[in-house]
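In what follows, a structure is listed as structure tokens, so that the remarks can point back to it.
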Amino acid sequence: MKSQKIAVLDFGSQYTQVIARRIRECNVYSKIFSYNVSAETLREEGIQGVIFSGGPASVLKENSPKPDAAIFELGVPILGICYGVQLIALMMGGEVSRSDRREYGHGTLRTKSNSRLLASLPPEIRVWNSHGDRLVQLPEGFVPVAETENSEFAAIENAEKNIFGLQFHPEVSHTECGAEILRNFLFKVCGCTGDWSMANFIERSVEDIRQYVGDEHVVLGLSGGVDSSVAAALIHKAIGDQLTCVFVDNGLLRLHEREQVELLFRENFSMDLRVEDQGDLFLERLQGVVDPEEKRKKIGNAFVEVFEMAIKKIGDVKFLAQGTLYPDVIESVSIDGNPAALIKSHHNVGGLPEKMRLKLLEPLRNLFKDEVRLLGRELGLPKDVLWRQPFPGPGLGVRVLGEITKEYLEILRGADAILQEEMVKADFYYKVWQSFCVFLPVRTVGVMGDERTYDFVIALRIVESADAMTADWARMPHDLIRMISNRIINEVDGVNRVVLDVSSKPPSTIEWE
Ligand code: XMP
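Residue numbers for the sequence shown follow our numbering, beginning at 14 and rising by one.
Here it is as structure tokens:
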């Protein structure tokens with residue numbers, strides 16, 4: 014039997030995905046639809062309930078996004094949040110007026126009567142508001158069930174028709190008991206049983222992917238990072254050899270990185286994995302280039318060129334798969350002027366999809382990073398893939414300062430492998446945001462045995478961060494730093510000095526280039 018499903022209609026709120034995620038956290042499957050999805054489609058989907066998200070528009074504006082009115086006739090429970098409740102009020106015959114000032118921030122919600130939606134809540138809770146319009150008159154059949162200092166209609170319901178509305182946002186963490194309210198909607202109103210899990214997500218995605226792709230061929234650029242690895246495993250489960258993964262060895266990878274990807278995906282998962290061994294091409298393009306931005310551009314262009322070539326070699330490819338996650342999706346609905354739902358992705362491989370007429374396949378686009386890790390675990394990917402530290406697309410290219418040469422890359426690889434090994438051994442690798450070495454093309458004087466040396470410098474960059482927007486250098490035990498430094502100087506030819514980067518971001522960045 015198919016598990017139950019809640020439809021979340023997206024009216025352009027920045028929280029739409031958060032609503033969907035909160036529902037998944039209750040072990041109920043949720044699917045996001047454009048606000049203009051037809052009632053017929055929802056009926057065919059077999060949904061248990063509908064949530065109208067918030068949105069930045071005013072319902073009073075003529076071209077503001079409106080749902081199919083027939084949704085109100087589907088006979089399934091509806092919950093409108095913020096913009097969603099104004100819609101319900103307006104479309105069912107109530108009155109909404111433009112407010113002089115936007116109510117924004119905290120309010121205190123006082124429950125007024127017994128409502129299934131607000132069951133078991135304390136009499137007063139702090140809630141988070143962000144809305145402009147206000148309800149002036151409720152439609153027939155509706156009653157207010159909670160109020161705030163600014164609104165007597167902070168929560169409304171039509172118990173008979175199972176239609177509910179909240180002026181505040183239950184999905185955000187600033188609203189106390191918000192999760193409880195959503196749980197009430199799911200379990201007490203919609204009758205969901207909460208039997209959905211990541212395993213069900215896989216089942217459903219597999220079906221969706223098969224249906225979307227048909228007999229066509231899909232290509233995926235595998236980097237070995239979390240997102241593309243999980244996307245590859247999921248799509249492979251769905252369509253097997255209709256998927257070809259391309260791994261570009263750009264010569265800027267860490268020690269054994271390529272072999273690890275080959276072992277996991279070719280040997281363990283039996284995927285059709287094509288490795289493009291193009292280190293020389295990248296190095297050639299990078300010859301004499303010292304400017305960091307220029308380096309990035311050259312690496313990016315070379316990647317697109319190689320990837321395009323790889324696709325041509327595969328032959329008749331119709332789909333480009335990407336591990337785009339929700340935080341990568343920059344805009345979901347365009348409201349003013351053009352109410353068409355427009356989903357944009359970035360991270361596209363340099364315009365390739367348009368140029369090669371490829372359709373995008375992005376099965377992770379509604380998930381958050383931690384959910385992708387859960388999914389990956391369910392698909393059998395190992396911890397060292399799912400929890401690996403971020404690694405920049407240009408790879409070691411932005412960690413060899415200035416011009417890149419084979420010799421410098423080799424030195425950096427050797428040093429970096431020692432750092433990672435010691436970080437894992439000391440149980441710090443998964444605790445910090447990133448730990449890596451940077452090659453400084455600077456020679457300093459040293460003494461080894463009785464000999465004077467004149468060799469290069471390696472910098473250690475180990476940072477703590479929550480989201481890479483800000484970061485601080487990690488306070489590692491001195492003994493660990495000493496062990497790493499000793500090993501690098503003793504074991505890596507060409508290095509006689511190790512320094513520690515003690516800069517925070519801002520004003521420094523995490524990477525050196
Ligand atoms: P910065 O150096 O700007 O880095 O503090 C922030 C985070 O982004 C990673 N990074 C990149 N990732 N392509 C990527 O995919 C890039 O060109 C790139 N540059 C930096 C960096 O490792 C850190 O996690």
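Each residue gets a CB set at the ideal place from its N, CA and C atoms; glycine is no exception. No experiment lies behind these values; they were computed from the predicted model shown.
In the structure shown, the three-state DSSP call for M461 is strand. In the structure shown, the three-state DSSP call for T121 is strand. Straight across, the Cα-Cα distance linking V317 with R386 is about 27 Å. Of all C-beta pairs linking the stretch 121-139 to the stretch 155-172, three or more are shorter than 8 Å, placing the two stretches in contact.
Within the same chain, and ignoring the five residues on either side of R123 in sequence, the residues whose Cβ sits closer than 8 Å to its Cβ are P136, E137, A159, E160 and T161. V288 and A70 have their C-alpha atoms roughly 48 Å apart. Setting aside the 5 residues that flank it on each side, E38 is surrounded in the same chain by A192, each with a C-beta closer than 8 Å to its C-beta; the list follows chain order. Taking 8 Å as the cut-off, the Cβ atoms of L294 and I417 do not count as close.
Residue nearest to G406 within the set E57, G264 and V21 is G264 (criterion: CA-CA distance).
When distances are taken from the beta-carbon of K311 to the heavy atoms of ligand 1, even the shortest one reaches 7 Å or more. In the DSSP assignment, E170 falls within the unbroken beta strand (DSSP E) covering S164 to N171. Ranked by Cα distance from S448, the first of A472, P454 and G415 is A472. Each residue's CA atom was taken as its position, placing P366 and N379 some 20 Å apart. The residue from A484, P78, A481 and I431 with its alpha-carbon nearest to that of G25 is P78. F177 sits away from F200, with the two beta carbons spaced by 8 Å or more. Across the structure, S110 and L377 are spaced so that their CA atoms are roughly 39 Å apart.
Under the criterion of beta carbons closer than 8 Å, Q180 and N142 qualify as touching, at roughly 6 Å.
Under the rule that a run must span 4 or more residues, the alpha helix (DSSP H) segments found entirely inside the stretch 296-346 read 305-327. DSSP places Y42 in the uninterrupted beta strand (DSSP E) bounded by Y42 to S47.
In the three-state scheme derived from DSSP, where H, G and I count as helix and E and B as strand, N509 is classed as strand.
Set against 7 Å, the gap from the CB of I60 to the closest heavy atom of ligand 1 is not smaller. Under the three-pair Cβ rule at 8 Å, the stretch 163-177 counts as touching the stretch 80-96. R37 sits in a helix when the DSSP states are folded into three classes. Look at A481: its beta carbon is less than 7 Å from one of the heavy atoms in ligand 1.
The way I'd put it, the stretch 228-246 does touch the stretch 319-329; three or more beta-carbon pairs between them come closer than 8 Å. In terms of Cα proximity to T337, the closest of L266, N281 and K382 is K382. Per DSSP, D262 is one residue of the beta strand (DSSP E) stretching across L256 to D262. Within the DSSP secondary-structure output, L92 pairs in a beta bridge with I64 and F177. Counting of Cβ neighbours within 10 angstroms places P340 among the exposed residues, the total staying below 16. Where S110 is concerned, the enclosing beta strand (DSSP E) starts and stops at E108 to S110. The alpha-carbon separation between I101 and D429 amounts to approximately 58 Å. Taking every protein chain shown into account, the CB of M461 has fewer than 16 other CB atoms within 10 angstroms, so this residue is exposed. Following the DSSP letters along the chain, one finds T54 inside the alpha helix (DSSP H) bounded by residues A52 to E58. In the DSSP assignment, D383 falls within the alpha helix (DSSP H) that extends over K382 to E391. The straight-line gap separating the alpha-carbon atoms of I32 and V515 is approximately 39 Å. Between the stretch 393-410 and the stretch 262-277 there are three or more C-beta pairs closer than 8 Å, enough to call the two in contact.
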